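*Asks:* The listed protein sequences derive, respectively, from chains A and B. For the first sequence, our numbering gives the first residue as 11, with consecutive numbering after it. For the second sequence, our numbering gives the first residue as 4, with consecutive numbering after it.
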Amino acid sequence: MNDFEILHNLSMGQYKPGNTVIHNLNPALKIMALLVLMGMVFFSPLIPQMPLLFFLLVIFARLARLKLRFLLKGVRPVLPFLLLIALIQMFLIPRFYQTEALLHFYSWELHPEDLLFTGKLFGRFFCLFLLFTLFTSVTTVSEISHGAEILFRPLGRKKGLSHDLSLVITITFRFIPILAMEAEHITKAQASRGGSFGTWKMGLIKKMRLYIPLVIPLFVAALERAEILVEAMEARCYEPGKERSRLAEYPWTVGDTRALVFLILGFLLLLLSRFLISIGGSNVRF
Amino acid sequence: MTKEIIRKTVLTALFTSLIAASSFFTIPVGPVPVVLTTMFVVLSGMLGGPQIGLSSVVTYLIMGIIGLPVFAGGTAGLAKIMGPTGGFLLGYLLAAPAAGWMYNSKKDRSKPLEIPLAVITSLLAGALIYLPGIPWLKQSLSMDWPTVLKAGLYPFIPGFVIKSMAAAALGCSMKNRFRDFLSTGKED
Chain A
11 MNDFEILHNL SMGQYKPGNT VIHNLNPALK IMALLVLMGM VFFSPLIPQM
61 PLLFFLLVIF ARLARLKLRF LLKGVRPVLP FLLLIALIQM FLIPRFYQTE
111 ALLHFYSWEL HPEDLLFTGK LFGRFFCLFL LFTLFTSVTT VSEISHGAEI
161 LFRPLGRKKG LSHDLSLVIT ITFRFIPILA MEAEHITKAQ ASRGGSFGTW
211 KMGLIKKMRL YIPLVIPLFV AALERAEILV EAMEARCYEP GKERSRLAEY
261 PWTVGDTRAL VFLILGFLLL LLSRFLISIG GSNVRF
Chain B
4 MTKEIIRKTV LTALFTSLIA ASSFFTIPVG PVPVVLTTMF VVLSGMLGGP
54 QIGLSSVVTY LIMGIIGLPV FAGGTAGLAK IMGPTGGFLL GYLLAAPAAG
104 WMYNSKKDRS KPLEIPLAVI TSLLAGALIY LPGIPWLKQS LSMDWPTVLK
154 AGLYPFIPGF VIKSMAAAAL GCSMKNRFRD FLSTGKED
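#1: Between S186 (chain B) and chain A, is any beta-carbon pair separated by less than 9 Å?
#2: When the Cα atoms are used, what is the spatial distance from K211 (chain A) to G129 (chain B)?
#3: So with CB distances below 7 Å, who are the chain A contacts of S20 (chain B)?
#4: Whose Cβ in chain A lies nearer than 9 Å to the Cβ of R180 (chain B)?
#5: Is V271 (chain A) buried or exposed, if buried means 16 or more other CB atoms sit within 10 Å of its CB?
#6: Listed from N- to C-terminal order along the chain, which residues in the segment 258 to 283 of chain A have their beta-carbon within a distance smaller than 9 Å of any beta-carbon of chain B?
#7: Are any of the Cβ atoms in chain B nearer than 9 Å to that of M243 (chain A)?
#8: Can you tell me which of the three DSSP states G276 (chain A) falls into?
#9: Can you list, in chain order, the residues of its chain whose CB lies under 6 Å from that of L126 (chain B), leaving out five sequence neighbours each side?
#10: Quick check: the Cα distance between Q200 (chain A) and R182 (chain B), rounded to an integer number of angstroms?
#11: Below 9 Å between beta carbons: does that hold for S25 (chain B) and L14 (chain B)?
#12: Could you pull the start and end residues of the alpha helix (DSSP H) that W104 (chain B) belongs to?
#13: Taking only beta-carbon atoms, is V13 (chain B) less than 9 Å away from chain A?
#14: Work out the CA separation of T267 (chain A) and L78 (chain A) for me, nearest whole Å.
#15: Going by alpha carbons, who is nearest to L141 (chain A) out of A:S283, A:I41 and A:P250?
#16: Hey, would you say I181 (chain A) sits closer than 9 Å to T12 (chain B), going by beta carbons?
#17: If we ignore side chains and look at the alpha-carbon of each, how far apart do L140 (chain B) and V230 (chain A) end up?
#18: I'd like to know whether the C-beta atoms of H156 (chain A) and A38 (chain A) end up nearer to each other than 9 Å.
#19: By Cβ distance, which residues of its chain are closer than 7 Å to Y63 (chain B), with the 5 residues on each side in sequence left out?
#20: Please confirm if I8 (chain B) has its CB atom under 9 Å from at least one CB of chain A.
#21: Kindly list, in the order they appear in chain B, the residues whose Cβ is closer than 7 Å to that of P61 (chain A).
#22: Does the CB of A172 (chain B) have a neighbour CB from chain A at under 9 Å?
#23: Looking at the secondary structure, which residues open and close the alpha helix (DSSP H) in which R182 (chain B) lies?
#24: Residues of chain A with a CB under 8 Å from the CB of T62 (chain B): which are they?
#25: Would a C-beta distance cut-off of 9 Å place I160 (chain A) and S172 (chain A) closer than the cut-off?
#26: If I measure Cβ to Cβ from G56 (chain B) and keep anything under 6 Å in the same chain, skipping five residues before and after, which residues do I get?
#27: So what's E234 (chain A) in DSSP terms, helix, strand or just coil?
#28: Closest by CA to P210 (chain B), which one among B:F91, B:M177, B:T41 and B:L185?
#29: Would you kindly check if the distance between the Cβ of A170 (chain B) and the Cβ of V45 (chain B) is under 9 Å?
#30: Are the CB atoms of F183 (chain A) and A232 (chain A) within a distance shorter than 9 Å?
#31: Exposed or buried, which one is F139 (chain A) when buried takes at least 16 other CB atoms within 10 Å?
#32: Give the interface partners of A24 (chain B) over in chain A, defined as CB-CB distance under 7 Å, in chain order.
#33: Counting along the chain, where does the alpha helix (DSSP H) carrying G56 (chain B) start and finish?
If you want it as structure tokens, here you go:
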């Protein structure tokens, strides 16, 4: 029956309601902070900046009153994939530095470069994963939509471009659970008519043929819902491109300014430490 | 005019939802999982036209960039686009409008001409995803050509062909419904 619980199996980040400092930040600032912290993760060498950055993210999680176990619960399925990437790197990619081998194993050698690459790969992944789950845990979809509209406003030569993009994002995220629920209903209906969903004993072509009776009703149902939505929007006097008011307002507060200053200082500090600290000489930079 | 714009907006959101929702499902067949995202990208162009197809893919990529977990396996972020598989995501930008332009769902055609055109459109548009994807993967992981083809192209060919056939079948089946949906607003 686990195959039919499509809505439960969605690996979407889950929003945790709260009234903390992190929750109440301006949504545009949260998106900007996400992008800046993402850049910081990619700009960080492994030692010592990466652990400090992870610790910083842990502090943010504490401020938002979120448990670390909750934030990192989705890590486990991805670890074998990371290990595969590390192995591909060790065995297939030529090395850039001539260092003493730590270990010999037939024709293959283990170098410090391999260990540092693997550590950097896992470090980056854990930091990014924690960052994304933290972001989706403290930000609602409506806030993301509003934040995207604010951030994309400079791009719009036409007045309604950022608003249209914001509207599409909002409708998209209303549609996704609806589509998941619809897919669940269709799957159960077809299974009750004898469809063999969830059986893994057949070949690829037969399995693909099984998804046709799922996808076509899904398209039809989605199109019907789209029709209903269009008529409802027209009935409520929605006009594209017209100036509109907003139900939820997100004013910029002193806390937002403080968080922005903290973010800029953090990035500048990382930039400075990147040039001041180097390990093993200037030509070795991991 | 107003109703037509609303219909285009809602249809763009609908295709974006389908592309994003398909990222959560994989069909575990053998060593290489088959992801339905590419099929829905091609379908968004075939059924919605080049403009709506491109808008859907752009919205999908923007949502992924700003942190919403809509990429394959529920991942997200600019890291995905800058990473080894980023070229495939950028290939979506080529595939959706190309499918819409080649198929041209507003045109009426006889059945013996419709089906081969849908099949050719699906195959060519799907191949456009790999056109930037493979060189990007090669550059990102510093591989040579035989290795990158062995890792990034050959295992995915069977799934790609079958997904193209499915997209062609769905495109033929659903074409009239989506065309009627878009043209309803013009009658007012």
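Yeah, the Cβ is synthetic: ideal placement off N, Cα and C, and Gly gets one too. Given the structure is predicted, the values throughout are model-derived calculations rather than measurements.
*Replies:* In short:
#1: Numbered from its first residue, the second sequence carries residue 186 (chain B) at position 183. False, the Cβ-Cβ gap to chain A never drops below 9 Å.
#2: Numbered from 1 along the first sequence, position 201 holds the residue referred to as residue 211 (chain A). Numbered from 1 along the second sequence, position 126 holds the residue referred to as residue 129 (chain B). At K211 (chain A) the pLDDT is 49, less than 50, meaning the model places this residue with poor confidence and gives no usable figure here.
#3: Your numbering for residue 20 (chain B) matches position 17 in the second sequence. Ordered by position in chain A, the residues that pass the 7 Å Cβ test against S20 (chain B) are T182, F185, I186 and L189.
#4: The residue labelled residue 180 (chain B) in the question sits at position 177 within the second sequence. Per Cβ cutoff of 9 Å: F229, V230 and L233.
#5: Translated into positions along the first sequence, residue 271 (chain A) becomes position 261. Its Cβ having fewer than 16 others within 10 Å, V271 (chain A) is exposed.
#6: none
#7: As a working mapping, residue 243 (chain A) is identified with position 233 in the first sequence. Yes, its Cβ sits closer than 9 Å to a Cβ of chain B.
#8: As a first step, residue 276 (chain A) must be located in the first sequence, where it is residue number 266. Correct three-state label for G276 (chain A): helix.
#9: As a first step, residue 126 (chain B) must be located in the second sequence, where it is residue number 123. Excluding sequence neighbours, L126 (chain B) sits near S167.
#10: Translated into the one-based positions of the first sequence, residue 200 (chain A) becomes position 190. Translated into the one-based positions of the second sequence, residue 182 (chain B) becomes position 179. Rounded to the nearest angstrom, the two C-alpha atoms are 27 Å apart.
#11: Counting from one through the second sequence, the residue named residue 25 (chain B) turns up at place 22. Counting from one through the second sequence, the residue named residue 14 (chain B) turns up at place 11. Their beta carbons are not under 9 Å apart, which means S25 (chain B) does not touch L14 (chain B) by this criterion.
#12: Stepping through the second sequence from its first residue, residue 104 (chain B) is reached at position 101. It spans G89 to Y106 - the alpha helix (DSSP H) in which W104 (chain B) sits, taken as one unbroken run.
#13: On the second sequence, position 10 is the one that residue 13 (chain B) refers to. Interface residue, yes.
#14: Start at 1 with the first residue of the first sequence, and residue 78 (chain A) comes out as number 68. Start at 1 with the first residue of the first sequence, and residue 267 (chain A) comes out as number 257. Using only the alpha carbons, I get a separation of about 27 Å.
#15: For the purposes of this step, residue 141 (chain A) is identified with residue 131 of the first sequence, where counting begins at 1. Residue A:I41 is the option with its Cα nearest to L141 (chain A).
#16: Residue numbering aside, residue 181 (chain A) sits at position 171 when the first sequence is read from its first letter. Residue numbering aside, residue 12 (chain B) sits at position 9 when the second sequence is read from its first letter. Their beta carbons are under 9 Å apart, which means I181 (chain A) touches T12 (chain B) by this criterion.
#17: Translated into the one-based positions of the second sequence, residue 140 (chain B) becomes position 137. Translated into the one-based positions of the first sequence, residue 230 (chain A) becomes position 220. Going by the C-alpha atoms only, they are around 37 Å apart.
#18: Working through the first sequence from its first residue, we reach residue 156 (chain A) at position 146. Working through the first sequence from its first residue, we reach residue 38 (chain A) at position 28. Result yes, Cβ atoms of H156 (chain A) and A38 (chain A) sit closer than 9 Å.
#19: Against the second sequence, residue 63 (chain B) aligns to sequence position 60. T19, I22, A23 and V73.
#20: Taking the first residue of the second sequence as position 1, residue 8 (chain B) is located at position 5. At least one chain A Cβ lies under 9 Å of I8 (chain B).
#21: Here residue 61 (chain A) refers to the residue found at position 51 when the first sequence is read from its first residue. Here the premise fails: no neighbours, minimum Cβ distance about 19 Å.
#22: What you label residue 172 (chain B) is simply residue 169 of the second sequence in a count that begins at 1. Taking Cβ atoms only, chain A reaches closer than 9 Å to A172 (chain B), which makes this a yes.
#23: For the purposes of this step, residue 182 (chain B) is identified with residue 179 of the second sequence, where counting begins at 1. Taken as a continuous stretch (DSSP letters only), the alpha helix (DSSP H) holding R182 (chain B) covers I160 to S186.
#24: Position 59 of the second sequence holds residue 62 (chain B). Within 8 Å Cβ-Cβ: L175, V178, I179 and T182.
#25: As a position in the first sequence, residue 160 (chain A) is number 150, starting the count at 1. As a position in the first sequence, residue 172 (chain A) is number 162, starting the count at 1. The answer is yes: Cβ separation under 9 Å.
#26: Residue 56 (chain B) sits at position 53 when you count from the first residue of the second sequence. For G56 (chain B), where only same-chain residues beyond five positions count, the Cβ hits under 6 Å are S47, G48, A99, P100 and G103.
#27: Here residue 234 (chain A) refers to the residue found at position 224 of the first sequence. It is helical.
#28: In the structure as shown, chain B starts at 4 and stops at 191, and residue 210 (chain B) therefore has no counterpart that could be examined.
#29: Position 42 of the second sequence, counting from 1, holds the residue named residue 45 (chain B). Position 167 of the second sequence, counting from 1, holds the residue named residue 170 (chain B). It is a contact, given that the beta carbons lie within the stated cut-off.
#30: Looking up residue 232 (chain A) in the first sequence gives position 222. Looking up residue 183 (chain A) in the first sequence gives position 173. Not closer than 9 Å, so no.
#31: What you label residue 139 (chain A) is simply residue 129 of the first sequence in a count that begins at 1. Result: buried.
#32: The count along the second sequence starts at 1 and reaches residue 24 (chain B) at position 21. Under the 7 Å cutoff, chain A gives I186, L189 and A190.
#33: As a first step, residue 56 (chain B) must be located in the second sequence, where it is residue number 53. First-last of the alpha helix (DSSP H) with G56 (chain B): P53 to I68.
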